[in-house]
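A.B. asks:
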Amino acid sequence: MGRSVSYPTGSVVAFRLLDEGEGDDVDWVYECLVDEVIDNTKATFPSFERFDGWRGREDRILLRNAFADCGISTYCGLAAIWLAERDDARYWEADFYNPRTARARHWLTQVSDRFIDLFGDLRLVGRFSNGEAIFERSRSKCDTGS
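So that you can map any letter, position 13 of the sequence shown is 1477 in this note's numbering, and since no number is skipped, the others follow by simple counting.
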């Protein structure tokens, strides 16, 4: 199976190209995107706080609120900016005493379109049988000329 950019299962994902041009420093472009994700997410969804963590080895958590993690994953110049229900021990312990899962999924459903509009330049169209993904430019970005 082909390799593609990682993101947590069940997450809301916005895709964007990471490399802006041949002369750009990819690390600098990545750090600028991380700063943009943090600033815009906190401005749009004030419940998020900065968080430094990982889901596995490839999915970097940048922000966290009571229900979700917001993070970024990259592979070969493609960035996946994602929102996913929290999956840490403190979340599940709190859920045991005061169930949060249904509220978390409802909140993610409510904010998903806004999140995609905020960060999505590309839309996943499908995958080949080898796992290779096919993308197209987001219609909202094409219509606005962004």
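Cβ atoms here follow ideal geometry from the backbone N, Cα and C, with glycine treated the same way. These figures come from a predicted structure and were not determined experimentally.
Can you name the start and end residues of the alpha helix (DSSP H) that CYS1534 belongs to?
C.D. replies: Taking the first residue of the sequence shown as position 1, residue 1534 is located at position 70. Residue range 1532 to 1539 is occupied by the beta strand (DSSP E) that includes CYS1534, with no alpha helix (DSSP H) assigned at that position.
A.B. asks: Just the C-alpha distance for TYR1471 and GLU1596, rounded to the nearest angstrom, thanks.
C.D. replies: Along the sequence shown, one-based indexing puts residue 1471 at 7. Along the sequence shown, one-based indexing puts residue 1596 at 132. Near 15 Å, if we compare the C-alpha coordinates of GLU1596 and TYR1471.
A.B. asks: With 16 as the cutoff for other CB atoms within 10 Å, does ARG1631 come out buried or exposed?
C.D. replies: Residue 1631 is absent from the model: the chain starts at 1465 and stops at 1610.
A.B. asks: Is the beta carbon of LEU1526 sitting closer than 7 Å to the one on CYS1534?
C.D. replies: Walking along the sequence shown from the start, residue 1526 turns up at place 62. Walking along the sequence shown from the start, residue 1534 turns up at place 70. Contact: yes.
A.B. asks: May I ask you to report which of helix, strand or coil DSSP gives PHE1599?
C.D. replies: Counting from one through the sequence shown, the residue named residue 1599 turns up at place 135. PHE1599: strand per DSSP, three-state reduction.
A.B. asks: Taking the C-alpha atoms as reference points, what is the distance between ASP1483 and ASN1504?
C.D. replies: What you label residue 1483 is simply residue 19 of the sequence shown in a count that begins at 1. What you label residue 1504 is simply residue 40 of the sequence shown in a count that begins at 1. Spanning the two alpha carbons is a distance of roughly 20 Å.
A.B. asks: Taking Cβ to Cβ, would you say VAL1589 is nearer than 7 Å to ILE1598?
C.D. replies: For the purposes of this step, residue 1589 is identified with residue 125 of the sequence shown, where counting begins at 1. For the purposes of this step, residue 1598 is identified with residue 134 of the sequence shown, where counting begins at 1. Cβ atoms of VAL1589 and ILE1598: closer than 7 Å.
A.B. asks: From this set, SER1537, TRP1492 and ALA1507, which residue's C-alpha is nearest ARG1519's C-alpha?
C.D. replies: Counting from one through the sequence shown, the residue named residue 1519 turns up at place 55. When each option's Cα is compared against that of ARG1519, the closest is SER1537.
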